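Just below is one structure, and these are the notes that go with it.
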Amino acid sequence: MSNAYKAAWQASIDNPQGFWLEAAKALDWAQAPASGWSEADGWFPGGQINTCHNAVDRHVAAGRGDAKALIYDSPVTGTVQTFTYAELLEEVGRVAAMLAALGVTKGDRVVIYMPMIPQTVFAMLACARLGAIHSVVFGGFAPLELAKRIDDAAPKVLMAASCGIEGQRTIAYKPMVDEALKLAKHAVDHAVLFQREQVTAPLCAPRDLDWMALREQTAQAPVPACVPVAASDPLYILYTSGTTGTPKGVVRDNGGHATALTWSMANIYGIGAGDVFWAASDVGWVVGHSYIVYAPLLAGATTVLFEGKPVGTPDPGTFWRTIDRHGVKAFFTAPTAIRAVRKEDPDATFLTETGTGPCQAIFLAGERADPDTIAWLEEKSGLPVIDHWWQTELGWPAIATCFALGDLRRKRGSAGFPVPGYAFTILGDDGKPVPDGESGSVAIKAPLPPGAFRTLWNNPKGYAKNFEGFPGYYETGDAGHFDADGFLNIMGRTDDIINVAGHRLSTGQMEQIVAQEDGVAECAVIGADDAIKGMIPVAFVVARAGAETDETLVKRVVSAVREELGPVAALKTVYAVPQLPKTRSGKILRNLLRKIVNGRPYDTPATIEDASVPATLHGIVHG
């Protein structure tokens with residue numbers, strides 16, 4: 001075990017106040033916090049800070065205005081554009097002036113419905129500059145879903161682009177914005193539209209304003225100063241899907257967020273001022289908020305904003321070319337993206353030809369990384385591949401191999417070790433810790449460290465429920481176990497533990513077995529209702545390129561699970577499918593698969609990447 005990691009984790013548990021107060025010194029505070037933690041006020045009570053100042057202004061003030069801050073790389077438009085910190089400050093300042101002219105002030109909400117373009121980043125940071133609260137909603141989300149978020153956040157202004165580009169498709173946003181504003185009960189003061197050349201949209205006066213025209217009108221206005229806010233004041237609201245169909249607005253504070261992200265860049269990812277970091281995600285997700293926009297800029301690093309897909313824009317070599325072109329030191333993506341690359345290029349021809357430049361490590365999160373995918377990527381890239389785990393609610397990694405603390409211990413199938421600040425326990429149904437090696441509910445001792453959510457927007461009762469199942473603990477909703485070496489294994493959501501004729505089985509464990517079978521590009525295993533056994537496992541398998549016509553694949557999958565888990569696993573039904581239903585962040589929609597298999601009514605989720613997939617799967621299962 002790395003002595004640096006062990007010492008950091010132990011210090012964070014023994015003296016969390018001192019540990020995080022020391023970490024907070026890496027930031028500029030308008031008013032230094034009085035202490036580390038207060039039950040009433042959360043982390044850093046009495047502290048005042050501005051996140052935009054720490055992400056942009058202070059680097060310029062320190063003489064690093066010419067350093068690269070943001071690289072926009074868009075293979076779908078053939079555009080590469082670089083912004084220095086000084087240029088980023090100018091762009092953010094101009095958008096802040098636009099918002100100020102529309103009356104946006106501290107505490108107001110701004111909904112941002114935009115694609116992966118620089119203006120989206122400018123808008124987020126401009127809100128932070130004014131002390132306003134942004135809520136980014138994926139460009140292309142269904143109008144009803146956008147309307148729900150507008151009604152909950154009650155924004156003064158909505159900022160949008162005329163279109164987004166998804167692979168080979170161009171999607172017009174303005175019709176969806178117009179429909180959402182009709183459906184919403186809350187009326188925004190203004191909708192500001194950035195016109196992209198691929199699609200331009202008509203404006204509805206006086207509500208709609210042209211982004212560039214408003215920028216010109218406010219060109220002579222001074223750049224608004226950064227507004228100090230309390231450490232506990234909200235920086236943003238990020239909505240996740242709720243179990244009731246009502247989205248949950250996760251609230252991120254300013255002080256704890258900035259402190260945790262700054263610490264994580266230096267100690268988990270090994271990124272400092274001047275280094276290039278690339279998180280291949282989307283700003284509509286928490287990974288995009290944390291590790292495209294805020295964390296790299298807080299660290300004074302260069303962040304890559306990528307508008308494209310792992311395959312098809314134009315080929316499965318786009319990741320490696322981007323890493324090499326920009327000198328990326330650490331790369332963060334989702335396992336499903338790597339599986340997509342491997343499916344199209346199983347021999348890693350593009351990776352071999354291009355290499356990975358100065359990249360030192362590849363980090364995976366968002367969907368459980370199966371050992372076979374990690375093994376393939378480590379073999380082909382020659383780099384350490386580090387799976388790590390966290391949630392929208394937590395805001396930054398909770399389980400990881402802390403690469404920058406000299407800890408390179410990895411075990412395929414495990415997300416690593418508790419990150420400093422997090423005290424994990426595996427609890428049984430009775431709320432008591434289970435022995436190492438036994439599975440149970442993964443819980444984190446309260447209070448959660450800086451950067452984690454402190455409430456849900458307009459829903460304090462919903463927030464409190466996260467701590468009611470196991471008093472004194474945050475219930476993650478995941479099942480897992482510690483092994484004898486201290487590795488923490490996340491095996492899937494607790495509802496992915498199925499009861500087959502009285503035997504509790506993990507579908508995540510079955511997926512691990514299926515994924516290792518030759519010819520499998522990716523897979524999902526779910527529990528289907530069964531009149532005799534209660535539940536039985538059902539597998540969905542996507543074949544790797546060249547294996548689509550292999551008639552032995554399904555039989556080999558059934559045999560592999562039976563050989564490893566025994567006949568009790570009862571996996572007999574395997575569907576070979578062209579693709580799995582996923583969110584845009586790469587998470588497989590297993591609950592949707594369960595409904596399809598069980599013949600229950602389902603709605604196509606607003607988060608789905610390809611809305612045609614459920615109907616295709618329904619036809620395969622019930623055809």
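For the sequence shown, the positions run 1 to 623 when the UniProt record's numbering is used.
All C-beta atoms in this analysis are idealised placements derived from N, C-alpha and C, irrespective of residue type, glycine included.
Values in this document were obtained by computation on a predicted structure and should not be read as measured data.
*Of the residues Met176, Gly167 and Ile150, which one's Cα is nearest the Cα of Lys185?*
Nearest of Met176, Gly167 and Ile150 to Lys185, Cα basis: Ile150.
*Between which two residues does the beta strand (DSSP E) harbouring Asn499 extend?*
That run of the beta strand (DSSP E) goes Ile497 to Val500.
*Assigned exposure category for Ala205 - 16 Cβ within 10 Å defines buried*: That one is exposed.
*asked:* Output needed for Ala23: all residues of its chain with C-beta closer than 6 Å, excluding positions within five of it in sequence on either side, in chain order.
replied: Taking C-beta separations shorter than 6 Å and ignoring five residues to either side along the sequence, the partners of Ala23 in its chain run Thr259 and Trp263, following chain order.
*Please state whether DSSP places Pro208 in a helix, a strand or coil.*
Correcting the residue identity first, residue 208 is Asp in this sequence and not Pro. DSSP places Asp208 in strand when its eight states are reduced to three.
_Within a Cβ cutoff of 7 Å, which residues of the same chain sit near Ile620, ignoring the five residues on either side of it in sequence?_
Counting only Cβ-Cβ distances below 7 Å, and skipping sequence neighbours, we find Tyr575 and Val577.
*Pick helix, strand or coil for Asn598, following the three-state DSSP scheme.*
Annotated three-state conformation of Asn598 is coil, per DSSP.
*CB contact flag (Gly18, Gly256, <8 Å)*: Taking 8 Å as the Cβ cut-off, Gly18 and Gly256 do not qualify as a contacting pair.
*Touch check for the segment 281-300 and the segment 422-430: three-plus C-beta pairs under 8 Å?*
Under the three-pair Cβ rule at 8 Å, the segment 281-300 does not count as touching the segment 422-430.
*Measuring alpha carbon to alpha carbon, tell me which of Pro346, Cys52, Gly395 and Asp275 ends up nearest Glu379.*
It is Pro346.
*Specify the secondary structure class of Leu505 as computed by DSSP and reduced to three states.*
In this structure, Leu505 counts as strand in the three-state DSSP scheme.
*Is there contact between the segment 225-240 and the segment 439-447, where contact requires at least three CB pairs shorter than 8 Å?*
No, the segment 225-240 is not in contact with the segment 439-447.
*How many Å lie between Gln579 and Ser559 at the Cα?*
Taken atom to atom, the span from the alpha-carbon of Gln579 to that of Ser559 is near 22 Å.
_Boundaries of the beta strand (DSSP E) in which Arg325 is found, first to last residue_ = For Arg325, there is no enclosing beta strand (DSSP E); the residue is found in the alpha helix (DSSP H) stretching over Thr318 to His326.
*Could you check the C-alpha separation between Lys465 and Thr51 for me, to the nearest Å?*
Distance between the alpha carbons of Lys465 and Thr51: 29 Å.
*asked:* Applying the 10 Å Cβ sphere with the 16-neighbour rule, what's the burial state of Thr243?
replied: Low per-residue confidence applies at Thr243: pLDDT is 48, beneath 50, and the placement is therefore not dependable, though the value from the model is reported in the following sentence. Thr243 is exposed by the Cβ-count criterion.
_Beta-carbon spacing of Tyr5, Asp483 below 8 Å_ = Contact check for Tyr5 against Asp483 fails: the beta carbons are separated by 8 Å or more.
*Excluding five sequence neighbours on each side, which residues of the same chain lie with their C-beta closer than 6 Å to the C-beta of Pro118?*
Cβ-Cβ distances below 6 Å link Pro118 to Tyr72 in the same chain, with the five nearest sequence neighbours on each side left out; the list follows chain order.
_Residues near Val276 in its chain [Cβ-Cβ closer than 6 Å; skip 5 each side]_ = Contacts found: Thr302, His326, Gly327, Val328 and Lys329.
*Using 8 Å as the Cβ pair cut-off and three pairs as the minimum, do the segment 554-569 and the segment 595-607 touch?*
Touching, no.
*Per DSSP, Arg493 forms a beta bridge with which residues?*
Answer is Asp478, bridged to Arg493.
_With distance defined between alpha-carbon atoms, name the residue in Phe363, Tyr474 and Pro222 nearest to Ser281._
Proximity to Ser281 across Phe363, Tyr474 and Pro222 peaks at Phe363, based on C-alpha coordinates.
_The beta strand (DSSP E) enclosing Ile426, as first and last residue numbers_ = In the DSSP annotation of this structure, the continuous segment of the beta strand (DSSP E) that includes Ile426 starts and ends at Phe424 to Leu427.
*Does DSSP put Leu456 in a helix, in a strand, or in coil?*
Of the three classes helix, strand and coil, the one that applies to Leu456 here is strand, per DSSP.
*What is the DSSP secondary structure of Met124, reduced to helix, strand or coil?*
Helix, per DSSP.
*What is the DSSP secondary structure of Val514, counted as helix, strand or coil?*
Of the three classes helix, strand and coil, the one that applies to Val514 here is helix, per DSSP.
*Phe403 - DSSP class collapsed to helix/strand/coil*: Here Phe403 sits in helix by DSSP.
*Provide the residue(s) that pair with Gly164 in DSSP beta bridges, ordered along the chain.*
Answer is Ile171.
*Compare the C-alpha of Lys572 against each of Val542, Val80 and Pro537 and name the closest.*
Comparing alpha-carbon positions, the option among Val542, Val80 and Pro537 lying closest to Lys572 turns out to be Pro537.
*asked:* Starting from Gln81, trace the beta strand (DSSP E) in both directions and tell me its first and last residue.
replied: In this chain, the beta strand (DSSP E) harbouring Gln81 covers Thr79 to Thr84.
*Where Tyr463 and Arg454 are concerned, what is the direct C-alpha to C-alpha distance, given to the nearest angstrom?*
Note on geometry: alpha-carbon atoms of Tyr463 and Arg454 lie some 8 Å from one another.
*Can you find at least 3 beta carbon pairs, one from the segment 122-135 and one from the segment 170-179, that sit closer than 8 Å?*
The segment 122-135 is not in contact with the segment 170-179.
*Sort Trp211, Gly36 and Ala32 by Cα distance to Trp20 and report the nearest one.*
If we check each option's Cα against that of Trp20, Gly36 comes out closest.
*May I have the straight-line CA-CA distance separating Trp390 from Arg64, to the nearest angstrom?*
Each residue's alpha carbon lies about 32 Å from the other.
*Where do the N-terminal and C-terminal ends of the beta strand (DSSP E) with His134 fall, by residue?*
That run of the beta strand (DSSP E) goes Ile133 to Val136.
_Determine whether the beta carbon atoms of Ala446 and Glu393 lie at a separation below 8 Å._
Not in contact: Ala446 and Glu393 (Cβ atoms no closer than 8 Å).
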